[in-house]
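Counting from 1 along the sequence shown, just add 5 to a position and that's the residue number in this note's numbering.
Working notes, structure below.
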Amino acid sequence: MESYPSFLLENAVNQLSKLPGVGKKSALRLALHLLKQDKEQVNDFAQSILLLKNEVKYCKICKNISDSDVCQICSNPTRDASTVCVVETIKEVMLVEDTQQYKGLYHVLGGVISPMDGVKPSDLEIESLVGRVAEGGIKEIIFALSPTMEGDTTAYYIARKLKDYDVKITTIARGIAVGDELQYSDSLTLGRSILDRQEYHV
Numbered sequence: 006m007e008s009y010p011s012f013l014l015e016n017a018v019n020q021l022s023k024l025p026g027v028g029k030k031s032a033l034r035l036a037l038h039l040l041k042q043d044k045e046q047v048n049d050f051a052q053s054i055l056l057l058k059n060e061v062k063y064c065k066i067c068k069n070i071s072d073s074d075v076c077q078i079c080s081n082p083t084r085d086a087s088t089v090c091v092v093e094t095i096k097e098v099m100l101v102e103d104t105q106q107y108k109g110l111y112h113v114l115g116g117v118i119s120p121m122d123g124v125k126p127s128d129l130e131i132e133s134l135v136g137r138v139a140e141g142g143i144k145e146i147i148f149a150l151s152p153t154m155e156g157d158t159t160a161y162y163i164a165r166k167l168k169d170y171d172v173k174i175t176t177i178a179r180g181i182a183v184g185d186e187l188q189y190s191d192s193l194t195l196g197r198s199i200l201d202r203q204e205y206h207v
C-alpha cells in the first residue's frame with residue numbers, strides 16, 4: 006500500500022487509476038508528471054477533457070461522435086451515401102478510415118448483442134439503422150463486425166430485420182481471424198477485407 010505525502014496527490018492517483026489500463030503505479034507517475042508541468046499546460050489538459058465530455062455530440066445519422074449534429078463523414082458530399090458500413094464502436098470507424106479503402110457512410114451500433122453481458126438488441130442502434138434503410142437510397146449494408154459469436158449473432162439479427170428491404174447485405178472477408186476483435190486488426194488486412202467483402206446470407 007502506497008504512503009502518500011498528500012491527500013490531494015492520493016486523490017489524483019485514485020482518479021487516474023480509474024482509466025482503463027492504468028494501475029496505481031502508472032497513475033502515480035502521471036500525477037507526478039502533471040505536478041511538474043506549468044499551470045497553463047495542466048489547465049489546457051483538464052479543459053480538453055471537460056470539453057470532450059460536455060461538448061461532444063453524437064451524429065444524428067450514423068451515431069459517430071461529432072462536433073456538430075451531423076458528423077464530417079455524413080455531411081461530406083463526396084462520400085457514397087448508398088453504402089453504409091455497420092460497425093460496433095467509434096474505434097472501428099477510425100480503423101476503417103485508416104485503410105483509405107472505403108468511401109461510403111457508417112452506422113455505429115454502440116456494441117454487439119451479448120446476453121452474457123446483458124446487452125440486448127434494444128440497447129444498440131439497430132432500429133435507427135433499419136430506419137435509415139427504410140427511408141431509401143441505401144443500396145448496400147456492409148457488416149464490419151468482429152468475427153466472434155456476438156458479432157455473428159448481431160449480424161444475423163440485423164440481416165433478419167432487413168430481409169424485406171431491397172438492400173444488398175455483405176460482410177467483410179474473413180481475412181480477420183475468427184474470434185479476433187476488429188479493433189486489433191492492422192489497416193492493410195482490414196482494407197483488403199473490405200475490398201473483398203462477400204454477400205451475407207441469412
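All C-beta atoms in this analysis are idealised placements derived from N, C-alpha and C, irrespective of residue type, glycine included.
Just so you know, these numbers come straight off a predicted model, no measurement behind them.
Range covered by the beta strand (DSSP E) that runs through residue i
| i | result |
| --- | --- |
| A86 | D85 to V92 |
| E145 | E145 to F148 |
| A173 | The sequence as given places Lys at residue 173; Ala does not occur at that position. Here the beta strand (DSSP E) through K173 covers K173 to T176. |
Boundaries (first-last residue) of the alpha helix (DSSP H) holding residue i
| i | result |
| --- | --- |
| E102 | I95 to T104 |
| K30 | K29 to K41 |
| L134 | I131 to A139 |
Cβ-based neighbour list, residue i, same chain, cut-off 7 angstroms, excluding 5 preceding and 5 following
| i | result |
| --- | --- |
| I95 | N69, I70 and V113 |
Residue(s) in a DSSP beta bridge with residue i
| i | result |
| --- | --- |
| K166 | For K166, which the question treats as bridged, DSSP gives no partner whatsoever. |
| V18 | V18 is not bridged to any residue. |
| V124 | S119 |
| H112 | V91 |
| Y63 | I70 |
| E204 | T175 |
Proximal residues to residue i (C-beta, below 6 angstroms), its chain only, five neighbours per side dropped
| i | result |
| --- | --- |
| T158 | I118 |
| T88 | G109 and E145 |
Proximity to residue i [Cα-Cα], best of the options
| i | options | result |
| --- | --- | --- |
| K166 | R137, T153, L150 and P152 | R137 |
| S73 | S53, D85 and E60 | E60 |
| K168 | A178, V135 and I177 | V135 |
| Y161 | V101, E204 and Q20 | E204 |
| G156 | T104, L21, S80 and T176 | T176 |
| G141 | A86, R34, P25 and Q46 | A86 |
Beta-carbon proximity list for residue i, same chain, < 8 angstroms, skipping 5 on both sides
| i | result |
| --- | --- |
| A139 | Y170 |
| G184 | Annotation note: pLDDT 44 at G184 (below 50); position unreliable, coordinate value reported separately. P152 and T153, listed in sequence order. |
8 angstroms contact criterion, which residue i and residue j should meet: CB distance rounded
| i | j | result |
| --- | --- | --- |
| V98 | V92 | 6 angstroms |
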